[in-house]
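Following: one structure in structure tokens, then a few remarks.
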Amino acid sequence: MNLQPNTDDDCENSSFASSSTSLSTEGAPKFNSSPEILMDARQAAQYGNLDRLRYLLDSGEASPSAVDADDCSLLHWTAINNRYDAAKLLIERRCEVNAIGGVLASTPLHWAARHGHARIVALLIQNGANPDLRDVEGFTALHVAVQFACTPVVAYLLAKGQSPDTPDETQMTPAMWAAFKVYNTDPLHMLATMGADLSRKDANYGNTALHWAVVQGNHVALKVLLDLNVDLTISNKEKETPLDIARRTGDSYAIRQLEIASRKNGLLASTWAQKIKEDDKLVDRIIFSLPFTFFLLTSVALNVSIPVVIKASLFIIICFLHYWSYILVANKNSLLVLPMGAALALKLITIVNWFFLYDSHTPFILRTAFFSLLILVPWFTYYLFTTDPGHLKASYQERCTMIVGMYESEAPTQHSFCKTCLLTRPPRSKHCAFCNRCVARFDHHCPWINNCIGLKNHWHFIMYLLSLFAGLVIVLTGTVFYIRDECDAYPAAGLDCNGWLTMWLIIHSFVFVWILFMLSMQVYQIMSAMTTNERLNAYRYTHFHVGGNRLNIRSPFSKGALINLHQFCCRRSGESGKVFVNLTNEDI
Numbered sequence: 001m002n003l004q005p006n007t008d009d010d011c012e013n014s015s016f017a018s019s020s021t022s023l024s025t026e027g028a029p030k031f032n033s034s035p036e037i038l039m040d041a042r043q044a045a046q047y048g049n050l051d052r053l054r055y056l057l058d059s060g061e062a063s064p065s066a067v068d069a070d071d072c073s074l075l076h077w078t079a080i081n082n083r084y085d086a087a088k089l090l091i092e093r094r095c096e097v098n099a100i101g102g103v104l105a106s107t108p109l110h111w112a113a114r115h116g117h118a119r120i121v122a123l124l125i126q127n128g129a130n131p132d133l134r135d136v137e138g139f140t141a142l143h144v145a146v147q148f149a150c151t152p153v154v155a156y157l158l159a160k161g162q163s164p165d166t167p168d169e170t171q172m173t174p175a176m177w178a179a180f181k182v183y184n185t186d187p188l189h190m191l192a193t194m195g196a197d198l199s200r201k202d203a204n205y206g207n208t209a210l211h212w213a214v215v216q217g218n219h220v221a222l223k224v225l226l227d228l229n230v231d232l233t234i235s236n237k238e239k240e241t242p243l244d245i246a247r248r249t250g251d252s253y254a255i256r257q258l259e260i261a262s263r264k265n266g267l268l269a270s271t272w273a274q275k276i277k278e279d280d281k282l283v284d285r286i287i288f289s290l291p292f293t294f295f296l297l298t299s300v301a302l303n304v305s306i307p308v309v310i311k312a313s314l315f316i317i318i319c320f321l322h323y324w325s326y327i328l329v330a331n332k333n334s335l336l337v338l339p340m341g342a343a344l345a346l347k348l349i350t351i352v353n354w355f356f357l358y359d360s361h362t363p364f365i366l367r368t369a370f371f372s373l374l375i376l377v378p379w380f381t382y383y384l385f386t387t388d389p390g391h392l393k394a395s396y397q398e399r400c401t402m403i404v405g406m407y408e409s410e411a412p413t414q415h416s417f418c419k420t421c422l423l424t425r426p427p428r429s430k431h432c433a434f435c436n437r438c439v440a441r442f443d444h445h446c447p448w449i450n451n452c453i454g455l456k457n458h459w460h461f462i463m464y465l466l467s468l469f470a471g472l473v474i475v476l477t478g479t480v481f482y483i484r485d486e487c488d489a490y491p492a493a494g495l496d497c498n499g500w501l502t503m504w505l506i507i508h509s510f511v512f513v514w515i516l517f518m519l520s521m522q523v524y525q526i527m528s529a530m531t532t533n534e535r536l537n538a539y540r541y542t543h544f545h546v547g548g549n550r551l552n553i554r555s556p557f558s559k560g561a562l563i564n565l566h567q568f569c570c571r572r573s574g575e576s577g578k579v580f581v582n583l584t585n586e587d588i
């Protein structure tokens, strides 16, 4: 089997691509025309010269289905060069949409699919192109699009009803070709999302998609397939599993990843160290607890009555131990879990400080306010952590409808398409790399709650910041009252009387400044009708540029500062979030 499809484009092997003028119209409608006139028609098709092409067709000097010596038609050339209007004209003149031509004996649909021209593919399919036709290597347009990582074409063909498990003549499925040839995640992810069977085997070798990824050393595809939890135990005709192939070829990365996956699935024995490091839930708990132990040990070290040099040494040791604990067990989720642990540790230790230090030294009104916030802050934290921030959702049929509508429309869509979620995004939405979901009116991903801030929870996030701000004002005020009552030589020597108090006063002051900054920026952005994402990327979004000036930024969604603020406070998550304006086709 030829595992490597011909990478030379059909056009490069065609006599149209050379200086030769050896042309024919055999098998196509014949006209009294010279080779030079046909060559002129080919050039008009190639370069999208619509007026010239129409003239030649109207005058009868060229045929819509004229072909060259390699049977490459005018439609082939419009397809490969993405000349939409020229292709439409030829189709209107009843050219043969399923013409077979070129060295690979392929159709215009194959040529358009190979180069990722999704709108041309849609035009051809709409006008009778047969997606089941195969070229000389036994590939349909879907196979070709997958092999060349043309994700939009793959999406369209699947949405039009092509099976994600369509086999070639050797029973190689698109997923197998993606694992074998494509070094990015999009086609394989898309095929899996659209229901591809990743356990199927090809006819020649009995390999699955995972086998082919290991055979080719395609670590990108390997990682995608392992994340999809494919079957690791399937053997090919040589009785080899993917792990056996990796060991035979000496691919250390593949061996390591496959062994880890095998241990997680109970297929290989694990040492106690491997059980700890490869247990994602246990690792998350360890990482989550590190801020608690760090803050507690550091506070105790600073509060004991020992020389400053020893305190400094203890602090360095504590930092070193926590750093190496993190390095030893950290996984891909650790940077998401650690900030959550730090935020919760700060809240809990602050509550403990209040009850053991500040409560008895503060007025009744401050104690009442603190107890009120003791209910509000945890509730907002829980709400923001657990609720949907505005994820864009679509059923399989809705995805197909969106994909088809996007590429079959006469004018290019003004809304971006997410190749991961397989849906068109409305304005102001964005795909979050951390959550791996598209979020409506995306503001930012908050590491302290490990969730996105978007259409449905932005108002609650502002209330959360206000609650934290008020709580820190109360805690800092309580600290002042404590120092006044308990420390001698107030205020000059107040900070020397309690190391624990000093540390937490510094931490609370830093967090207070940070929360104040965050709250101020959020209010400013709300009054400007901008999200954090839009403010940071406004220089890229041309619809934010006043008069085309990248330095003059204004939100096209703004109705005035007070109206913007009123709408945000009153509408909250109830607004539709689908107010469309004329925008550029950018990542909005």
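Going by UniProt numbering, the sequence shown opens with residue 1, and the numbers climb by one from there. No residue lacks a Cβ here, since even glycine has one placed at the ideal position from N, Cα and C.
| query | result |
| --- | --- |
| Could you check whether D186 and T140 sit closer than 8 Å to each other, using their CB atoms as the reference points? | no |
| Can you tell me whether DSSP reads residue 607 as helix, strand or coil? | There is simply no residue 607 to check, as the chain begins at 1 and stops at 588 in what is shown. |
| Report the partner residues of I287 according to the DSSP bridge assignment. | Looking at the DSSP assignment, I287 forms no beta bridge with any residue, so it has no partner. |
| E410: which of S63, D85 and Q147 sits nearest, CA to CA? | D85 |
| Can you name, in chain order, every residue of its own chain whose Cβ lies under 6 Å from the Cβ of R93, other than the five neighbours on each side? | L57 and P64 |
| Sort N303, I310 and I287 by Cα distance to L344 and report the nearest one. | I287 |
| For I453, does the three-state DSSP call read helix, strand or coil? | strand |
| Who are the Cβ neighbours of T420 in its own chain at under 7 Å, not counting the five residues just before and after it? | H189, H431 and N436 |
| Provide the residue(s) that pair with L423 in DSSP beta bridges, ordered along the chain. | C418 |
| Is G116 closer than 8 Å to S73 when the C-beta atoms are compared? | no |
| Please name the residue in F385, F442, F315 and Y464 whose C-alpha comes closest to that of V377. | Y464 |
| Give me the residue from N498, S429 and T387 with the minimum Cα distance to F461. | T387 |
| Rank C569, Y358 and F568 by C-alpha distance to the C-alpha of D485 and give the top, closest one. | Y358 |
| With a CB to CB cut of under 7 Å and the five nearest residues on each side skipped, what residues in its chain are close to S289? | G341 |
| Helix, strand or coil, according to DSSP, for G101 in the structure here? | strand |
| From S195 to H211, what distance separates their C-alpha atoms? | Reading off the sequence shown, one finds Gly at residue 195, where the question assumed Ser. In a straight line, the C-alpha of G195 is about 19 Å away from that of H211. |
| Since I believe L158 is in contact with A178 (beta carbons under 8 Å), could you give me their beta-carbon distance rounded to a whole number of angstroms? | Contact flag wrong, Cβ pair sits at about 12 Å. |
| Do H444 and T532 have their beta-carbon atoms positioned less than 8 Å apart in this structure? | yes |
| Check the DSSP bridge columns for C446 and list the partner residues they point to. | N451 |
| Evaluate H110 with the Cβ neighbour count: other Cβ atoms within 10 Å of its Cβ, from every protein chain shown; 16 or more gives buried, anything less gives exposed. | buried |
| From the DSSP output, in three-state form, read off F568 for me. | helix |
| What residue does the beta strand (DSSP E) around R540 start on, and which one ends it? | First-last for R540: undefined, no H or E at that position. |
| D197 to R134, Cα distance in whole Å? | 22 Å |
| Using only CA atoms, which one of S252, D244 and L53 lies nearest to residue 601? | Lying outside 1 to 588, the shown extent of the chain, residue 601 is not represented and no answer is given. |
| Cα separation between K181 and W500? | 59 Å |
| When you compare only the Cα positions, how much space is there between N498 and F355? | 16 Å |
| Closer than 8 Å is the cut-off here; do at least three beta carbon pairs connect the region 225-237 with the region 199-216? | yes |
| Tell me where the alpha helix (DSSP H) around I365 begins and ends. | F364 to T386 |
| Who are the near neighbours of T271 in its chain, counting only those whose CB is closer than 8 Å to its CB and skipping five residues on each side? | none |
| Let me know if S59 comes out buried or exposed under the rule of 16 or more other beta-carbons within 10 Å of its beta-carbon. | exposed |
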